[in-house]
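Trainee:
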Amino acid sequence: MIKVLFVCLGNICRSPMAEYLLKDKVKKLNIDDNFYIESAGTSEEENGNEVHYGTKKILNNLNIDCSKKRARKMTKEDYDNFDYIICMEKSNIYHINRIVIDKDHKVFRLLDFTGNQRDISDPWYTHNFEKCYQDIDEGINAFIKYLGY
Ligand code: 4NP
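Residue 637 is where the sequence shown starts when you use this note's numbering, and the numbers rise one by one after that.
1. Based on the DSSP output, what are the partners of L641 in its beta bridges?
2. Please tell me whether, using a cut-off of 6 angstroms, the distance from the CB of R650 to the nearest non-hydrogen atom of the ligand 4NP is below it.
3. Let me confirm a value: K692 is counted as buried when at least 16 other C-beta atoms fall within 10 Å, else exposed. Which label applies?
4. Enumerate in chain order the residues of its own chain whose CB-to-CB distance from V736 is below 6 angstroms, with the five nearest sequence positions on each side excluded.
5. Whose C-alpha, out of M724, S757, N717 and Y730, is nearest the C-alpha of D740?
6. Let me confirm a value: R706 is counted as buried when at least 16 other C-beta atoms fall within 10 Å, else exposed. Which label applies?
7. If contacts are defined as beta-carbon pairs under 8 angstroms, then E725 and D771 qualify, I think. What distance do you get, rounded to the angstrom?
8. Starting from the N-terminal side, write out each stretch of the beta strand (DSSP E) that is 3 residues or longer and does not extend beyond the region 655-707.
9. Which same chain residues, not among the five before or five after V640, have their C-beta less than 6 angstroms away from its C-beta?
10. Whose C-alpha, out of K664, S651 and N697, is nearest the C-alpha of I676?
11. Tell me the DSSP secondary structure of K790 in three-state form.
12. Would you mind giving the Cβ-Cβ distance between D773 and L657, rounded to the nearest angstrom? I have them listed as a contact below 8 angstroms.
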């Protein structure tokens, strides 16, 4: 079982998009039994809130339902429970390091799995959820390849 936790700041825009996209892709590849996938934020600001409308719209257009997702903050226990803790941008790593020490080198940045290493832009500020989706899709495809599928 490969346990993956996606992490962003608020857990309402980027990391839920990554969570549900990866869930959808592994299901379509018929390898979903091998995965446990969740997402969390480094902040508790949005705790209990639904996925942001912009992310919901992207996912709903792909026939992916995320209506049950509620935002939550990453915990120390998450670090022990997950194999891959995949964040969206450099500042997420800085904030994760204030919650846990990455002694097992489990913390990654999603687009570092691609040939074009960079941050995923934050649609909270850019309002560009489509660009965010293109980046996350690229990163997830590269991650699946990295795992050997
Ligand atoms: P997310 O987006 O980290 O992708 O969920 C944000 C959500 C909330 C805030 C910033 C980014 N905020 O400043 O409240």
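Don't be surprised by glycine CBs; every beta carbon is placed ideally from N, CA and C.
Mentor: Looking at the coordinates:
1. Within the sequence shown, numbered from 1, the residue matching residue 641 stands at position 5. DSSP output for L641 lists E674 and I721 as bridge partner(s).
2. Within the sequence shown, residue 650 is the residue found at index 14, counting from 1. Yes - the ligand 4NP has a heavy atom lying nearer than 6 angstroms to the Cβ of R650.
3. Numbered from its first residue, the sequence shown carries residue 692 at position 56. So K692 counts as buried.
4. Residue mapping note: residue 736 aligns to position 100 of the sequence shown, counting from 1. Hits under 6 angstroms: K712 and Y715.
5. Counted from its first residue, the sequence shown places residue 740 at position 104. Taking only the C-alpha atoms, the option nearest D740 is N717.
6. Taking the first residue of the sequence shown as 1, we reach residue 706 at position 70. Per the 10 Å Cβ criterion, exposed.
7. Translated into positions along the sequence shown, residue 725 becomes position 89. Translated into positions along the sequence shown, residue 771 becomes position 135. About 10 angstroms; that fails the 8 angstroms criterion.
8. 671-677
9. Locating residue 640 in the sequence shown gives position 4, counting from the first residue. I673 and Y720, listed in sequence order.
10. As a first step, residue 676 must be located in the sequence shown, where it is residue number 40. According to the sequence provided, residue 676 is Ala. The question's Ile does not apply to it. Of the candidates K664, S651 and N697, the one whose C-alpha sits nearest the C-alpha of A676 is S651.
11. Any property of residue 790 remains undetermined from this structure, which presents the chain solely from 637 to 785.
12. For the purposes of this step, residue 773 is taken as residue 137 along the sequence shown, with counting starting at 1. For the purposes of this step, residue 657 is taken as residue 21 along the sequence shown, with counting starting at 1. Yes, D773 and L657 are in contact; Cβ-Cβ is about 6 angstroms, under 8 angstroms.
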